[in-house]
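For reference, the structure discussed in these notes is given below.
In the working numbering, the protein residues as written are 53 to 386.
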């Protein structure tokens, strides 16, 4: 009887791992055919901002592992008396996404728009991190440069908004006083997420299942494998900004970039926050955020911006006005 039980256990374990590895190797990244994706036309029409002003610049800091990470820095006179807004860009992109917005907010905040690990001009490696949760540790290292009494606001767009939600629900959540979420990604199966995020993503679903199975039993050896491809339009890749684009994510980077599977638990951990989405958002159902997130927390203020899509919400003047109102209405809670 004991032998049969042992044999059953060994066979079940073998079958489990055989299934997991079979799923992983059965699907690989491919060259994506041009399809309908997010509208980058206004993004491409807006060149990077580099004003000849000492209040604006590109700086770097050392993360916990010694890696040098870069950010756009805007700090006008008296900035140390204002809130610090740490900005997190969307998937596939980089911190210079916020150059214009950061500059326009210089009278109400100091801004550090971070280019996340695995992204930007010359990341090593591109589209990957060392472990799940490293992006949160990087943000915490940037915030650690500030006095404990400094008011910290975490702003994120799209996947960057999802990272802000994840940060609030994680070990470093107590470092932030408020959040600004611009059309945030919550989870692939959240009611607000359109199929394929509006044509933006190709998920290697079988790999995801296999890697999740291995992670469930503590195996992370294969977490660096690609599990997500981004459908970056050809006009972006062939243009001046194409060299900044990131087209593939590893399992561990993608896990690090989004709220946890119980995303409403991360939402519930948010400090007071503002959520802004464009009424014409191609990736998410903008009007669905408020009823969904109010299930978890009453700390949010929600706004829809008419005539604006997923990417354009960052540059919208109405979005800027809403952010200004949020920042001016916040007093430090420290």
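Using N, Cα and C, we set each Cβ at its ideal position, and we do this for glycine too. Being a predicted model, the structure only gives us computed values, none of them experimental.
What are the boundary residues of the beta strand (DSSP E) that residue i is part of?
| i | result |
| --- | --- |
| residue 300 | 300 to 302 |
| residue 205 | 204 to 209 |
| residue 152 | That residue, residue 152, is in no beta strand (DSSP E); its alpha helix (DSSP H) goes 151 to 156. |
| residue 254 | 253 to 255 |
| residue 230 | 230 to 234 |
| residue 341 | No beta strand (DSSP E) contains residue 341, which is instead part of the alpha helix (DSSP H) from 341 to 345. |
| residue 328 | 325 to 330 |
| residue 355 | 352 to 357 |
Give the secondary structure of residue i by DSSP, where H, G and I count as helix, E and B as strand, and everything else as coil.
| i | result |
| --- | --- |
| residue 383 | Unreliable positioning characterises residue 383 in this predicted model, as indicated by a pLDDT of 46, which lies under 50. A coordinate reading is not provided. |
| residue 110 | strand |
| residue 134 | coil |
| residue 219 | helix |
| residue 305 | helix |
| residue 166 | strand |
| residue 296 | helix |
Just how far apart, CA to CA, sit residue i and residue j?
| i | j | result |
| --- | --- | --- |
| residue 128 | residue 373 | 19 angstroms |
| residue 147 | residue 208 | 10 angstroms |
| residue 259 | residue 79 | 6 angstroms |
| residue 192 | residue 250 | 31 angstroms |
| residue 206 | residue 220 | 9 angstroms |
| residue 54 | residue 231 | 57 angstroms |
| residue 109 | residue 122 | 11 angstroms |
| residue 62 | residue 256 | 29 angstroms |
Which residue comes first and which comes last in the alpha helix (DSSP H) that contains residue i?
| i | result |
| --- | --- |
| residue 284 | Per DSSP, residue 284 belongs to no alpha helix (DSSP H) and is neither H nor E. |
| residue 315 | 315 to 320 |
| residue 68 | 54 to 77 |
Open item on the list: For the pair the region 310 to 322 and the region 286 to 301, tell me if three or more CB-CB distances fall below 8 angstroms.
Closed with: Counting C-beta pairs closer than 8 angstroms gives fewer than three between the region 310 to 322 and the region 286 to 301, which falls short of the contact rule.
TODO: Could you tell me whether the region 343 to 355 touches the region 315 to 322, using the rule of 3 or more Cβ pairs below 8 angstroms?
DONE: Contact between the region 343 to 355 and the region 315 to 322 is present: three or more C-beta pairs spanning the two stretches fall below 8 angstroms.
Task: Sufficient close CB pairs (3 or more, under 8 angstroms) joining the region 120 to 136 to the region 196 to 216 - done: A contact exists between the region 120 to 136 and the region 196 to 216.
- [ ] Examine the Cβ distances between the region 294 to 309 and the region 170 to 179 and report whether three or more of them are shorter than 8 angstroms.
- [x] The region 294 to 309 vs the region 170 to 179: in contact.
Open item on the list: Is it the case that the region 241 to 248 contacts the region 331 to 344, given that we only count it when at least three CB pairs across the two stretches are under 8 angstroms?
Closed with: Touching, per the Cβ criterion.
TODO: Would you check if there are 3 or more beta carbon pairs closer than 8 angstroms linking the region 151 to 159 to the region 177 to 187?
DONE: Verdict: no, contact absent.
- [ ] Taking 8 angstroms as the threshold, find out whether the region 58 to 78 comes into contact with the region 261 to 270 through three or more Cβ pairs.
- [x] Flag = yes, the region 58 to 78 and the region 261 to 270 touch.
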